[in-house]
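Everything on this sheet refers to the single structure shown next.
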Amino acid sequence: MAKQIVYGDEARNKLVEGIDAVANAVKVTLGPAARTVVLEKSWGSPTIINDGVTIAKDIELEDAFANMGAKLIQEVASKTQDNAGDGTSTASVMTQALVHQGMRNVTAGASPVAL
Numbered sequence: 008m009a010k011q012i013v014y015g016d017e018a019r020n021k022l023v024e025g026i027d028a029v030a031n032a033v034k035v036t037l038g039p040a041a042r043t044v045v046l047e048k049s050w051g052s053p054t055i056i057n058d059g060v061t062i063a064k065d066i067e068l069e070d071a072f073a074n075m076g077a078k079l080i081q082e083v084a085s086k087t088q089d090n091a092g093d094g095t096s097t098a099s100v101m102t103q104a105l106v107h108q109g110m111r112n113v114t115a116g117a118s119p120v121a122l
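Its first residue numbered 8, the sequence shown is counted upward by one per residue in the numbering used here.
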């Protein structure tokens, strides 16, 4: 299979799309009034859960470039789980906010490498 290569704004926008998809799914589990999420499994009955890292790991997007962004958030949640044991939803939402602020700066003319 031939590799697709995407540059510039198109690449950044696809990554943000994937980051947003996972972070928005995990976001509802944050805080004292956390809601639950139903995960569909290919086998067995659906799983009802409010654990951010489990939700993040279960998401796979069809678009390969957006899926790369999703994998970034999954890695953030996984590393947070490994190191702290908790706070995966918070880390995911904070990463999403960091990426959006970075995108604003890049749009305003800042160098993506310098950020």
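For each residue, glycine too, the CB sits at the ideal point set by N, CA and C. Bear in mind that the values here come from a model prediction, so they are computed numbers and not experimental data.
Where do the ends of the beta strand (DSSP E) carrying I55 lie? T54 to I56
Residues in the same chain with beta-carbon distance under 7 Å from K10, minus the five sequence neighbours each way, listed in chain order, please. none
Nearest-angstrom Cα distance between A115 and D16? 12 Å
Mind checking whether V44 and I80 have CB atoms under 8 Å apart? For the pair V44 and I80, the CB atoms are not nearer than the 8 Å cut-off.
Do A73 and E24 count as a contact pair if the criterion is CB distance below 8 Å? E24 is a Cβ neighbour of A73, given a cutoff of 8 Å.
L105: first and last residue of the uninterrupted alpha helix (DSSP H) it sits in: T95 to T114
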